[in-house]
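Below: the structure, in structure tokens.
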Amino acid sequence: MNRESLLRQIGWFAAAVGLALFLTVLVTLPSGAPPLTTIFVLFQGGLGSLSKFGQALSVWVPLTLCSVGLLIPFTARLWNIGVEGQVIMGAIFCTAALRPFDGGGAGQIILALAAAALGGALWALLSGLLRVFGRVHEIFSGLGLNFVALGVILWLIFGPWKRPGIASMSGTEPLDVSLWLAKVGSLSVTWAGLGLALAAIVLAAVLLHRTGWGLKLRAVGENPKAATLFALGPRRRLLQAFLLCGAMAGLAGATQVLAVYHRLLPSISSSYGYTGLLVGMMASYRLGLAPFICLFFAVLNVGSIQLPLQLGLDSSLSGVIQGVMVLSVFIVQGVRLWLAKRGEAA
Amino acid sequence: MIVLSDIHKQYGRVRANDGISLTLEPGRIYALVGENGAGKSTLMRVLAGHTRPTSGSIEVNGERLSHLTPALARRHGVGMLYQDPLDFPAMPVWENFQLGAPRRTKRQVVDILGELSFRLDACFLPDEPVSSLTVGERQLLELLRLLDLGATTLILDEPTTGITPEQKQDLFNLLMTLAREENHTVVLVTHKLSEALEMADAIFVMRQGRLVCTLTPPYDEHELVSRMFGEAARGEVAPMPEVDETAAPRLDMRDVLFAGPKYSMGPLNFTARPGECIGLAGLDGSGQELFLRGLCGLDRMPGGKLVLNGREYGSNDFKILRRAGVQFVPADRLQLALFPALNLMEHITLAFPDRKEDRQKFYDEQCVERFNLRAHPDTHASELSGGNQQRLLLSLIPDDAALLLMEHPTRGLDAGSSRQVWNHLKERCANGATLIYFSPDLEEVLEHSHRVAVFYDRGLAAVVDRERATMETVGALMAGKPAAEVFGNRAKAAAEGGAR
Chain H
1 MNRESLLRQI
11 GWFAAAVGLA
21 LFLTVLVTLP
31 SGAPPLTTIF
41 VLFQGGLGSL
51 SKFGQALSVW
61 VPLTLCSVGL
71 LIPFTARLWN
81 IGVEGQVIMG
91 AIFCTAALRP
101 FDGGGAGQII
111 LALAAAALGG
121 ALWALLSGLL
131 RVFGRVHEIF
141 SGLGLNFVAL
151 GVILWLIFGP
161 WKRPGIASMS
171 GTEPLDVSLW
181 LAKVGSLSVT
191 WAGLGLALAA
201 IVLAAVLLHR
211 TGWGLKLRAV
221 GENPKAATLF
231 ALGPRRRLLQ
241 AFLLCGAMAG
251 LAGATQVLAV
261 YHRLLPSISS
271 SYGYTGLLVG
281 MMASYRLGLA
291 PFICLFFAVL
301 NVGSIQLPLQ
311 LGLDSSLSGV
321 IQGVMVLSVF
331 IVQGVRLWLA
341 KRGEAA
Chain W
1 MIVLSDIHKQ
11 YGRVRANDGI
21 SLTLEPGRIY
31 ALVGENGAGK
41 STLMRVLAGH
51 TRPTSGSIEV
61 NGERLSHLTP
71 ALARRHGVGM
81 LYQDPLDFPA
91 MPVWENFQLG
101 APRRTKRQVV
111 DILGELSFRL
121 DACFLPDEPV
131 SSLTVGERQL
141 LELLRLLDLG
151 ATTLILDEPT
161 TGITPEQKQD
171 LFNLLMTLAR
181 EENHTVVLVT
191 HKLSEALEMA
201 DAIFVMRQGR
211 LVCTLTPPYD
221 EHELVSRMFG
231 EAARGEVAPM
241 PEVDETAAPR
251 LDMRDVLFAG
261 PKYSMGPLNF
271 TARPGECIGL
281 AGLDGSGQEL
291 FLRGLCGLDR
301 MPGGKLVLNG
311 REYGSNDFKI
321 LRRAGVQFVP
331 ADRLQLALFP
341 ALNLMEHITL
351 AFPDRKEDRQ
361 KFYDEQCVER
371 FNLRAHPDTH
381 ASELSGGNQQ
391 RLLLSLIPDD
401 AALLLMEHPT
411 RGLDAGSSRQ
421 VWNHLKERCA
431 NGATLIYFSP
441 DLEEVLEHSH
451 RVAVFYDRGL
461 AAVVDRERAT
471 METVGALMAG
481 KPAAEVFGNR
491 AKAAAEGGAR
């Protein structure tokens, strides 16, 4: 990319951020909040201290796993909206793998991670099979399976896996401390989590841009009919893409269980799957951008906890800002295309 | 009277129309000829108000305008008939006819349709869905609709593609009536010279976006050809390759049934020898598409056996047949055969995974030298011209492919590229490959086939040798005349002629 077009890209991105801030201010005004203070508190809450940055990173890990995973099926033009359910299934499988153990070490943790990846991958495979053999669009099957996964986790927490005597939204019996992932110093982010997220980024980059597999996957997404003529095995490849994404989403679920909550909660996924979709859209599905946007969203997420404390606002405002960000990017892209088209016609 | 003056139309760097001025007078039939991509369609779209010219002016009935809109064009009586009729197949005839017209009751519409049909010697059932009409009838309906809307200038874009020779004659007679008796202006856009020579009072020749010349009768066909194609007109057409009559058949179909998404056909019995070029003729949807797609394994084969190079196949699995040397090239290259956003190198990597290491060399040898594909290897497939797309596809077919199945091999190609494609295909046949292809252009089928297989009503109607395959015989078979009748009469006529 040459310098000028890079500058222009940054300019357009700045325009999108500006629009997003403007729209956010519009949203906050009716609630009586001072707009600039609100935004300041948000970022202060996410970046104000090292420990807050650590919290942001611990959000960044599952979010990055989800959004990087999503890029793989998207390369084949698949919208794996079922990623949310795959996170939940990962968490469930992770918990299930650890139930026989009262304590343990690296061996049990690796087993749990493997189980989580398997759980997510199997749940994604369901979407994939429905898509490839049943001609059910993955958006519909994914959305449906998300609800099923939510039903399963609620049933487990209030049924077979409930704490002795109490069944509540507060989840299952906490894990033994020996099964928690090791933290980075005093920060809340874990070494294993960071390692998994970075490994996922590298794996996706190599797979998609350096191997024949990635090229074939792109070809399948580009034109499935031509892929059949080239004997590229489009069905197999689509299923593989689902499996990989599901495995990464499952690992995201595992980090939620092993590193953040240390038990299974109904809201274990923290909606990171859906947020991951937003990240993907905002990054226009470019791998290079996704981790940074994940960080930005993670900071917003952590910072929003300060809103009720300091300003008496609802913490869901950060969700509003994230949504507004994505919409702004789309609006700016649309304006850009429109201008380009008009420039061509004139 | 319509006067176009100095019309320019630019698409990015491409000059589709480059300073075109011409005058259309009422009561005359004009032909606009030129190769594909010469700018004919753009010019006509400007005239019909679908495209806004970059500069230039249009004078209609004394009114000077910088551009037309579809509504303005209609008000000035300009109507365009597109190559693929722009109608709504699920809707009945009368509703299609009513589209765009002022509010009328069904009864009024039916009356007007009947009156117009009577005047122009056509026949329509108002309640029949348009999907059950032939392409020729749909064209005619569209023509009636335009006339009903008050069109006095009729533009017909390649109207004879996909209709039988008989339907073509009817259409031409109708156009002649409209021009001579009702003082309409008719513009016939075509790349078939014979039609222009037969019909036109004046021929506009376009080349590379410019109006090269306007010819008036008497026409010199040789001059027309050289004006139209320039240098490209000169060039050798390879002769038909010899077929070894004694060789074992390459392909033997035994009671084969094919089932596509819309219809099924069979049982088919057909054989083809190595080196043979077999053209499939038939109107759209007569079965030739399913024949090719079934043969390569893209559509199902519920029954029968395929024998390929002596090996028997009870099912037509695409991958197995591909490994046995069956290659399929669809007509819609960008939609079905190429990856629009992948570049040339990536296509080569996908087609020949084992040549990944020396793909640059492969590209230089195969694409550039052998196929004259002049494009940077980083070019996306979607940016290639139709000719280069076909060159790329042909260069991706392995040399040892035994059975080539092609849909309209020269679709969208100019004369020079078409000749190059045919010479290449004949070279492959001379080296022992078998080619089975279809083309909606009957002349092309007759020119490049050892045998012509004619399809009618979703079945194989007849297989005709090169000697007996003429415009009349194949045209009659395509229209559904039984083979016995077509050849029986001719045999009888020949016998009578001999007796005299």
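These protein sequences, in sequence, are chains H and W.
So for the first sequence, our numbering puts the first residue at 1; every next one is plus one.
So for the second sequence, our numbering puts the first residue at 1; every next one is plus one.
Just so it is clear, CB atoms sit at the ideal spot from N, CA and C, and this is done for glycine as well.
Source: prediction; values computed, not measured.
By the criterion of Cβ-Cβ separation under 7 Å, what are the contact partners of residue i in chain W?
i	result
lysine 216 of chain H	Leu350
alanine 219 of chain H	Phe339, Leu342 and Leu350
So with CB distances below 8 Å, who are the chain W contacts of residue i?
i	result
glycine 134 of chain H	Correct list: empty, because the minimum Cβ distance to chain W is about 17 Å.
Find the residues of chain H that neighbour residue i, judging by a C-beta separation of less than 7 Å, and give them in chain order.
i	result
glutamate 346 of chain W	Leu215
alanine 337 of chain W	Ala226 and Leu229
arginine 322 of chain W	Ala231
What whole-angstrom Cβ distance do residue i and residue j have, given they're in contact under 8 Å?
i	j	result
alanine 483 of chain W	alanine 461 of chain W	7 Å
alanine 252 of chain H	valine 87 of chain H	5 Å
tyrosine 82 of chain W	leucine 188 of chain W	Rounded, the Cβ-Cβ distance is 13 Å, inconsistent with contact.
proline 129 of chain W	alanine 101 of chain W	Contact doesn't hold; Cβ gap of about 19 Å is too wide.
glycine 279 of chain W	valine 445 of chain W	4 Å
threonine 75 of chain H	glycine 221 of chain H	6 Å
methionine 44 of chain W	aspartate 157 of chain W	6 Å
threonine 228 of chain H	phenylalanine 318 of chain W	7 Å
threonine 185 of chain W	glutamate 25 of chain W	7 Å
leucine 338 of chain W	alanine 381 of chain W	4 Å
valine 421 of chain W	threonine 410 of chain W	6 Å
glutamate 35 of chain W	aspartate 441 of chain W	The Cβ separation is near 14 Å, so there is no contact.
valine 324 of chain H	threonine 24 of chain H	6 Å
glycine 193 of chain H	threonine 255 of chain H	5 Å
phenylalanine 328 of chain W	leucine 292 of chain W	7 Å
How would you list, in chain order, the residues of chain W whose beta-carbon sits under 9 Å from the beta-carbon of residue i?
i	result
leucine 232 of chain H	Leu350
glycine 212 of chain H	Thr349, Leu350, Pro353 and Lys356
For a contact defined as C-beta to C-beta under 9 Å, what are the partners of residue i on chain H?
i	result
proline 261 of chain W	Those do not exist, as proline 261 of chain W stays about 13 Å from chain H at its closest Cβ, beyond 9 Å.
Residues of chain H with CB closer than 8 Å to the CB of residue i, please, in chain order.
i	result
proline 340 of chain W	Glu222 and Asn223
lysine 501 of chain W	An answer regarding residue 501 of chain W cannot be provided, because it is not within the stretch 1 to 500 covered by chain W.
Between residue i and the ligand FAD, is the CB less than 7 Å from at least one heavy atom?
i	result
asparagine 17 of chain W	Summarising the ligand content, the structure contains no ligands, and the ligand FAD is consequently not present.
How about the region 163 to 176 of chain H and the region 226 to 244 of chain H: do they share at least three Cβ pairs that are nearer than 8 Å?
These segments do not touch.
What are the start and end residues of each continuous alpha helix (DSSP H) run of 4 or more residues lying completely inside the region 294 to 354 of chain W, in chain order?
The region 294 to 354 of chain W contains these whole alpha helix (DSSP H) runs: 318 to 323 and 344 to 351.
Count Cβ pairs between the region 34 to 54 of chain H and the region 104 to 120 of chain H that sit closer than 8 Å; are there 3 or more?
Verdict: no, contact absent.
Decide if the region 342 to 349 of chain W is in contact with the region 282 to 292 of chain W; the criterion is three or more beta carbon pairs, one per stretch, under 8 Å apart.
No: the two stretches stay apart, fewer than three of their Cβ pairs being nearer than 8 Å.
Three or more C-beta pairs under 8 Å: does that hold for the region 317 to 334 of chain H against the region 8 to 23 of chain W?
No contact exists between the region 317 to 334 of chain H and the region 8 to 23 of chain W.
At 4 residues or longer, what runs of the alpha helix (DSSP H) sit wholly inside the region 47 to 96 of chain W?
Uninterrupted alpha helix (DSSP H) stretches at least 4 residues long and entirely within the region 47 to 96 of chain W occur at 70 to 75, given in chain order.
Every unbroken alpha helix (DSSP H) inside the region 131 to 163 of chain W [4 residues or more]
Correct list: 135 to 148.
Which residues of the region 300 to 332 of chain W have a Cβ closer than 8 Å to any Cβ of chain H? Give them in chain order.
Near chain H, meaning a CB-to-CB distance below 8 Å, the residues of the region 300 to 332 of chain W are Phe318, Lys319, Arg322, Phe328 and Pro330.
Contact the region 273 to 287 of chain H vs the region 61 to 69 of chain H: 3+ CB pairs below 8 Å:
Look at the beta carbons and you see the region 273 to 287 of chain H touching the region 61 to 69 of chain H: at least three pairs across the two are nearer than 8 Å.
Can you give, in chain order, each stretch of the beta strand (DSSP E) that sits fully within the region 346 to 411 of chain W and has at least 3 residues?
Complete beta strand (DSSP E) runs here, min 3: 403 to 407.
In chain order, what are the residue ranges of uninterrupted alpha helix (DSSP H) at least 4 long that sit wholly in the region 456 to 489 of chain W?
Within the region 456 to 489 of chain W, the complete alpha helix (DSSP H) runs of at least 4 residues are 471 to 478.
Where in the region 185 to 215 of chain H do unbroken runs of the alpha helix (DSSP H), each at least 4 residues long, occur, reported from the N-terminal end onward?
Runs of the alpha helix (DSSP H) inside the region 185 to 215 of chain H: 191 to 210.
Could you say if the region 120 to 129 of chain W and the region 92 to 107 of chain W meet the contact criterion of at least three C-beta pairs nearer than 8 Å?
Flag = yes, the region 120 to 129 of chain W and the region 92 to 107 of chain W touch.
Touching or not, the region 151 to 167 of chain W and the region 71 to 81 of chain W, by the rule of three or more beta carbon pairs under 8 Å?
Three or more beta-carbon pairs separated by less than 8 Å link the region 151 to 167 of chain W to the region 71 to 81 of chain W, which places the two stretches in contact.
Pair every Cβ in the region 304 to 319 of chain H with every Cβ in the region 93 to 106 of chain H, then say whether three or more of these pairs are closer than 8 Å.
The region 304 to 319 of chain H makes no contact with the region 93 to 106 of chain H; the number of CB pairs closer than 8 Å stays below 3.
Should the region 242 to 258 of chain W be regarded as contacting the region 300 to 319 of chain W, the criterion being three or more beta carbon pairs within less than 8 Å?
Contact between the region 242 to 258 of chain W and the region 300 to 319 of chain W is present, because at least three Cβ pairs lie under 8 Å.
Decide if the region 53 to 64 of chain W is in contact with the region 202 to 211 of chain W; the criterion is three or more beta carbon pairs, one per stretch, under 8 Å apart.
Because the criterion of three Cβ pairs below 8 Å is not met, the region 53 to 64 of chain W and the region 202 to 211 of chain W do not touch.
May I ask you to verify whether the region 471 to 479 of chain W touches the region 448 to 455 of chain W, counting CB pairs closer than 8 Å and requiring at least 3?
When C-beta atoms of the region 471 to 479 of chain W are compared with those of the region 448 to 455 of chain W, three or more pairs fall below 8 Å, so the two segments count as touching.
Ordered list of alpha helix (DSSP H) runs contained in the region 40 to 86 of chain H, each at least 4 residues:
List check, alpha helix (DSSP H) in window: 50 to 75.
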